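full-length UniProt numbering puts the first residue of the sequence shown at 1, with every later residue one more than the last. Glycine included, C-beta positions come from ideal geometry on N, C-alpha and C. None of the values given here were measured: they were computed from a predicted structure.
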Amino acid sequence: MLNVEKTRYALKVMGEMFPNAHGELIYNTPFQLLIAVILSAQATDVSVNKATPALFADFGTADKLAEASLEDIIAKIKTIGLYRTKAKNIKACARIIATEYGGTVPNDRKILESLPGVGRKTANVVLAEAYGVPAIAVDTHVERVSKRLRICKLNATVVEVEKTLMRKLPKDEWIKDHHRMIFFGRYHCLARNPKCEICPLLPICQDGKERMKKKL
1 MLNVEKTRYA LKVMGEMFPN AHGELIYNTP FQLLIAVILS AQATDVSVNK
51 ATPALFADFG TADKLAEASL EDIIAKIKTI GLYRTKAKNI KACARIIATE
101 YGGTVPNDRK ILESLPGVGR KTANVVLAEA YGVPAIAVDT HVERVSKRLR
151 ICKLNATVVE VEKTLMRKLP KDEWIKDHHR MIFFGRYHCL ARNPKCEICP
201 LLPICQDGKE RMKKKL
């Protein structure tokens, strides 16, 4: 397990590798961000960004999306995986926000997690990106990088990964570090073919060292 010092060093290096790491979903309002993140579950940001311009052009507010028919919503997002379930979730989510919160996405974790299609990761993304609330959203990239570097235990749950990162990283860096880890995992420490041979973190990466030994 990497200690606090080495964990922070790893994130510093990731920041140097990806100084412009940022959220890649395209949106204009907190509501649109919420919908985009819901749609991104088990889908790529690229696929979501291809579908949301048309969706938001017609149904870009909670009121409009709540009033839209499921058929019209499905037609806009059918290129995204699990589109039928997601269409039901975002319509239901929009209805609750429109009727109970005046069309404004709540800045409250418990309320966010109570919305259809919203889990802990989605709530963290919205809180961090829309409202600047320090949070670490653990997606597949963050989980993979955390475990490969042994920042956390290999059998850690998603929540345990999040809590470990929160404990080892400075709170005022959580949002930046979250993006750095995503970029590192998305563009360097790939799921199938990680770039271990050119990785500046190889000296402290147990997984990388084992992979390189196998190549010898």
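Exposed or buried, what is residue 180 when buried is set at 16 or more other beta-carbons lying within 10 Å of its beta-carbon?
Note on residue 180: 16 or more other CB atoms within 10 angstroms of its CB, so buried under the neighbour-count rule.
Keeping to the same chain, check which residues put their C-beta closer than 6 Å to that of residue 148; ignore five residues upstream and five downstream.
Cβ neighbours of residue 148 beyond the five flanking positions: 207.
Quick one: what's got a C-beta closer than 6 Å to residue 150's C-beta in the same chain, skipping five residues either side?
1, 2, 206
Please state if the CB of residue 49 and the CB of residue 35 are separated by a distance shorter than 7 Å.
The answer is no: Cβ separation not under 7 Å.
Tell me, please, whether the stretch 14-33 touches the stretch 182-192 by the rule of three or more beta-carbon pairs shorter than 8 Å.
yes
Are the Cβ atoms of residue 77 and residue 41 separated by less than 7 Å?
no
Can the beta-carbon of residue 146 be found closer than 7 Å to that of residue 125?
no
Hey, how far is the Cα of residue 213 from the Cα of residue 203?
13 Å
Going by beta-carbon coordinates alone, are residue 62 and residue 92 separated by less than 7 Å?
no
Is it right to say residue 200 is buried, meaning 16 or more other beta carbons lie within 10 angstroms of its own, or is it exposed?
exposed
Report the residue from 163, 112, 120, 142 whose alpha carbon sits nearest the alpha carbon of residue 30.
Checked all of 163, 112, 120, 142; the closest Cα to residue 30 is 112.
Could you round the C-beta distance between residue 80 and residue 38 to whole angstroms and report it? I think they count as a contact, below 8 Å.
About 10 Å separates the two Cβ atoms, so there is no contact after all.
I'd like the list of long-range same chain contacts for residue 4, defined as Cβ closer than 6 Å, with 5 residues on each side in sequence excluded.
168
Residue 106 to residue 154 span [Cα, whole Å]:
34 Å
Does the separation of the CB atoms of residue 73 and residue 87 fall below 7 Å?
yes
Count the other CB atoms within 10 Å of the CB of residue 65; is the residue buried (16 or more) or exposed (fewer)?
Of the other Cβ atoms in all chains shown, 16 or more fall within 10 Å of the Cβ of residue 65; this residue is therefore buried.
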